[in-house]
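**Q**
2 protein chains.
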Amino acid sequence: MMPEALAHIVDDDEAIRDALAWLLRSRGVPSRAWASAEDFLRAYSPGMQGCLVLDIRMQGMSGPELFDRLLELGCALPTIFLTGHGDVPQAVSAIKKGAFDFIEKPFNDNELADRVIDAMRINGKHCSQAASIATIESRLNSLTQREREVMERVLAGKFNKVIADELNIAMRTVEVHRARVFEKMAVRSAVELAQLLASAGMKPDQGS
Amino acid sequence: MMPEALAHIVDDDEAIRDALAWLLRSRGVPSRAWASAEDFLRAYSPGMQGCLVLDIRMQGMSGPELFDRLLELGCALPTIFLTGHGDVPQAVSAIKKGAFDFIEKPFNDNELADRVIDAMRINGKHCSQAASIATIESRLNSLTQREREVMERVLAGKFNKVIADELNIAMRTVEVHRARVFEKMAVRSAVELAQLLASAGMKPDQGS
DNA sequence: GGGCATCTTGCGGATAACCACAATGGTCCG
DNA sequence: CGGACCATTGTGGTTATCCGCAAGATGCCC
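Residue numbers (my numbering), protein chains in the order written: chain W, 2 to 209; chain F, 2 to 209.
(1) Give me the Cα-Cα distance between Met59(W) and Val188(W), rounded to the nearest whole angstrom.
(2) Rounded C-beta distance between Ala195(F) and Val192(W)? I'm assuming under 8 Å.
(3) Would you say Gln196(W) faces chain F, with C-beta separation under 9 Å as the test?
(4) Which residues bound the beta strand (DSSP E) around Phe82(W)?
(5) Using the three-state DSSP reduction, which class does Glu150(F) fall into: helix, strand or coil?
(6) How long is the line joining the alpha carbons of Arg18(W) and Gly48(F), rounded to whole angstroms?
(7) Per DSSP, which one or two residues make a beta bridge with Ser1(F)?
(8) When the Cα atoms are used, what is the spatial distance from Ala38(W) to Ser94(F)?
(9) Starting from Phe68(F) and walking both ways along the alpha helix (DSSP H), at which residues does that stretch end?
(10) What does the Cβ neighbour count give for His9(F), buried or exposed, with the cut at 16 atoms within 10 Å?
(11) List the whole-angstrom C-beta distance separating Val1(F) from Ala92(W), where the pair is believed to meet the contact cut-off of C-beta under 8 Å.
(12) For a minimum of 4 consecutive residues, which ranges assigned as the alpha helix (DSSP H) are wholly contained in the stretch 128–177 of chain W?
(13) Please report the distance separating the alpha-carbon of Asp119(W) from that of Pro31(W).
(14) Are the stretch 151–164 of chain W and the stretch 100–119 of chain W in contact at 8 Å, needing three or more beta carbon pairs?
(15) Under 9 Å, CB to CB, which of the residues in the stretch 103–137 of chain W have a partner in chain F?
(16) Quick check on the burial criterion: 16 or more other C-beta atoms within 10 angstroms. Buried or exposed for Glu148(W)?
(17) From Ala135(F) to Glu5(F), what distance separates their C-alpha atoms?
(18) At a cut-off of 8 Å, is Thr80(F) close to the ligand NAD when judged by its beta-carbon and the heavy atoms of the ligand?
(19) Kindly list, in the order they appear in chain F, the residues whose Cβ is closer than 8 Å to that of Leu156(W).
(20) On the CB-based measure, 16 or more other CB atoms within 10 Å of its CB, does Leu25(W) come out buried or exposed?
(21) Could you tell me the distance, in whole angstroms, from the CA atom of Phe82(W) to the CA atom of Leu144(W)?
(22) In chain F, which residues lie less than 7 Å from Ile96(W) when you measure between Cβ atoms?
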């Protein structure tokens, strides 16, 4: 069901790939290695779990380029960059974009393994959070247009009467839609609804 | 009233301080320079506006040390670090802690000035946001203990009747407290209250 | 003691929300 | 065409919320 969480290593140097895989295995972290950014990208699916360990400089697509591409794809895997060149601008850029860490080679084995383990743990948290947000979004998507219109106004604190006037429908109709919204969103009051959406980081005026 | 927004330059090299001040002045950015982290810290007040430009390596307290100290003090000024040593770990650490940028010397004048201007603008946004949060917190602080207890339960979506049972008081009393909460928080419904607190990034179960 | 803030409660009524039962009309699809 | 889904509306009744009016009890400070 749930795909295995792996440390995905992307490096064009086979010696490094093997060393990393061995290091992580010795710490109980399952990993899989890829010889190029392109290879990883081909295998990438949004359901992937775990973390990424990317070399900065590679033949073909670089680590940062791969990272950017993945961000566009909505990938949220915690990413650790490895660099041998002390490149400050690249490090700053990567971290600003949300990379998990940026480590210079030669790296300390234990330190890197610790960071990878931290990243795996973070990914676990992200997953459960993402899952609940996905649930909320699927519920939102099950709402009809009319229900959405009513929900917006309910969240704006308007009375059914006012909503009815705005939408040019009877108050009774608003009540029906309102009840449907609560039912579909699995809440029992407008307050709960507001908090549910807030917990998912959603403003009351934006859909999914 | 509102203190002037300044680019606060902290560097122990007078030549750099002067050059930065001149550069920023030429771009219309008012600045003030400090010869050491200690000097700045003595002058620091939570009401300061603008941004920080910190040298990494200084006599006495270093830029990152000052930054850490300021974070402890709750300072939210956007901070730009200047370094001449290509120190990746320090850059990564600074950005992770929320530094605005980390720039290597020798820097491009225009680029740095642009970043400072960006930082000043960000600070402006932070300020207006902080102001509205402060307003909300002061309103929260004006609530009495009982009112807070009632508010928590209202935000939990509970009926007045249930709240009354939980607090062992009459429903009418709950109504009074409830009305008082709405009045003090300047909202007209529980939904608005939930959204007000959510907008301030507050969970319904935590005070200020 | 008097003033002030807080917590408390009751009564009664206006307004809003919630709901079951019942029904009409439209669209889209197999 | 029958069924599924959606939007719509009405009636009538229950429950909750919101409020003005009124008032009793504490506790604290000058």
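Just so you know, even glycine gets a beta-carbon here, dropped at the ideal spot from N, CA and C.
Quick caveat: nothing in here was measured; it's all calculated off a predicted structure.
**A** Quick look at the numbers:
(1) The alpha-carbon of Met59(W) is positioned some 51 Å away from that of Val188(W).
(2) Taking 8 Å as the upper bound for CB-CB distance, Ala195(F) and Val192(W) are in contact here, some 5 Å apart.
(3) Gln196(W) has a beta carbon lying within less than 9 Å of a beta carbon in chain F.
(4) Residues Thr80 to Thr84.
(5) Helix, per DSSP.
(6) If you draw a straight line from the Cα of Arg18(W) to the Cα of Gly48(F), it is about 51 Å long.
(7) Chain F is shown from 2 up to 209; residue 1(F) falls before or after that span and cannot be answered.
(8) Distance from the CA of Ala38(W) to the CA of Ser94(F), rounded to the nearest whole angstrom, comes to 26 Å.
(9) Gly64 to Glu73 is the span of the alpha helix (DSSP H), which, as asked, contains Phe68(F).
(10) So His9(F) counts as buried.
(11) Chain F is shown from 2 up to 209; residue 1(F) falls before or after that span and cannot be answered.
(12) Taking only runs of at least 4 residues, the alpha helix (DSSP H) segments lying wholly in the stretch 128–177 of chain W are 146–156 and 161–168.
(13) Computed Cα separation, rounded: 14 Å.
(14) The stretch 151–164 of chain W and the stretch 100–119 of chain W do not touch, with fewer than 3 CB-CB distances between them shorter than 8 Å.
(15) Residues of the stretch 103–137 of chain W whose Cβ lies closer than 9 Å to any Cβ of chain F, in chain order: Phe103, Ile104 and Glu105.
(16) Per the 10 Å Cβ criterion, buried.
(17) For Ala135(F) and Glu5(F), the distance between alpha carbons rounds to 20 Å.
(18) With respect to the ligand NAD, the structure shown offers nothing to examine, as it has no ligands at all.
(19) Those within 8 Å of Leu156(W) in chain F are Val192 and Gln196.
(20) Taking a 10 Å sphere around the C-beta of Leu25(W), we find 16 or more other C-beta atoms and assign the residue as buried.
(21) It is roughly 42 Å from the alpha-carbon of Phe82(W) to the alpha-carbon of Leu144(W).
(22) The answer, in chain order, is Val93, Ile96 and Lys97.
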